[in-house]
Every structure is written in C-alpha cells, then in structure tokens.
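Right, one structure below, let's go through it.
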Amino acid sequence: MTKLDCNVTGCVHNAENCCCKNTIVVEGNAAREKCDTCCGSYDEKKGNMFRNLFKTPENRLEVECEATNCVYNKERRCSAEHIGIVGGNATEAVQTECASFRAR
Ligand code: SF4
Ligand code: SF4
Numbered sequence: 159m160t161k162l163d164c165n166v167t168g169c170v171h172n173a174e175n176c177c178c179k180n181t182i183v184v185e186g187n188a189a190r191e192k193c194d195t196c197c198g199s200y201d202e203k204k205g206n207m208f209r210n211l212f213k214t215p216e217n218r219l220e221v222e223c224e225a226t227n228c229v230y231n232k233e234r235r236c237s238a239e240h241i242g243i244v245g246g247n248a249t250e251a252v253q254t255e256c257a258s259f260r261a262r
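Just so we're aligned: the sequence shown equals residues 159 to 262 in my numbering.
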C-alpha cells in the first residue's frame with residue numbers, strides 16, 4: 159500500500175491532506191511528465207452538498223495507475239512507498255496531477 163498525501167482541497171474525498179478513499183485510479187496512459195497525469199477518482203466539491211462528516215482520511219491506500227511510463231508503475235499499480243497528488247483547489251480532474259511521476 160502506498161502512503162499518499164493529497165493537497166487537492168477542491169476534491170470531495172480530501173480531508174486533512176489525505177484521501178478518504180480506499181483505492182484511487184491515477185490516469186495518464188501516455189504520460190511523459192507529471193502534468194500528463196491526473197487523479198481519476200477526483201470528484202468536485204460543490205458547496206457543502208457532498209460533505210460527509212464521517213469520512214476518515216486514509217493514510218495508505220491502493221493506487222491503480224494507468225501511467226505505465228512511470229518508473230513506479232508495476233502492472234498498472236503504483237509501487238512507490240509514498241506519493242503526492244497535487245492540485246489545490248482544482249475544479250476538475252485534469253487540474254490534478256501525481257507529483258511523484260518519474261519517467262522511465
Ligand atoms: S484528488 Fe484523488 S487522491 Fe486527492 S482526495 Fe481526491 S480522490 Fe483522493
Ligand atoms: S508515482 Fe507513478 S506509478 Fe505511482 S501513481 Fe504516480 S504516476 Fe502512477
């Protein structure tokens with residue numbers, strides 16, 4: 159399991175710089191650099207509509223990843239110990255990226 163930090167506060171699944179999902183999918187099957195990747199599990203936070211008071215930040219989670227050009231990609235799973243998803247107050251998935259992408 160990968161330790162994941164995520165600063166995408168515009169995502170409904172974000173809490174305390176972590177993700178509340180058990181699994182995410184990172185997209186970017188033709189990615190050559192980090193900006194070509196994005197978090198496919200991102201969902202836009204719209205006001206307080208989807209606020210779930212019971213969500214728990216997951217420190218470690220399963221990361222499926224389509225960016226097979228990344229050195230950490232092993233059979234479409236992330237093998238890195240620790241990754242960072244960034245994007246701040248993103249309003250769509252394409253504004254996010256895996257900051258830990260490293261081209262082969
Ligand atoms: S952008 Fe992705 S990693 Fe970050 S909180 Fe949302 S679903 Fe989780
Ligand atoms: S570090 Fe590489 S393999 Fe892991 S999620 Fe990011 S792009 Fe995918």
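We put the beta carbon where it would ideally sit given N, CA and C, even for glycine.
Sequence-distant residues of the same chain with beta carbon closer than 6 Å to residue i, five excluded per side
i, result
"residue 193", "255"
"residue 230", "236, 237 and 238"
Distance cut-off 7 Å: residue i Cβ against heavy atoms of ligand 2
i, result
"residue 261", "no"
"residue 164", "no"
"residue 254", "no"
"residue 231", "yes"
"residue 225", "yes"
"residue 236", "yes"
"residue 169", "no"
Residues of its chain near residue i, where Cβ-Cβ distance is below 7 Å and the 5 sequence neighbours each way are ignored
i, result
"residue 185", "195, 196, 198 and 224"
"residue 181", "219, 220 and 222"
"residue 251", "196, 197, 198 and 200"
"residue 247", "167 and 168"
"residue 190", "227 and 261"
Opening and closing residue of the beta strand (DSSP E) in which residue i lies
i, result
"residue 161", "160–164"
"residue 222", "218–223"
"residue 240", "240–244"
"residue 185", "181–185"
Any non-hydrogen atom of ligand 1 closer than 7 Å to residue i Cβ
i, result
"residue 266", "There is simply no residue 266 to check, as the chain begins at 159 and stops at 262 in what is shown."
"residue 128", "Nothing can be reported for residue 128, as the shown portion of the chain is limited to 159 through 262."
"residue 138", "With the chain represented from 159 up to 262, any question about residue 138 goes unanswered, as that position is not in the structure."
"residue 197", "yes"
Exposure label - residue i; buried when at least 16 CB within 10 Å
i, result
"residue 261", "exposed"
"residue 160", "buried"
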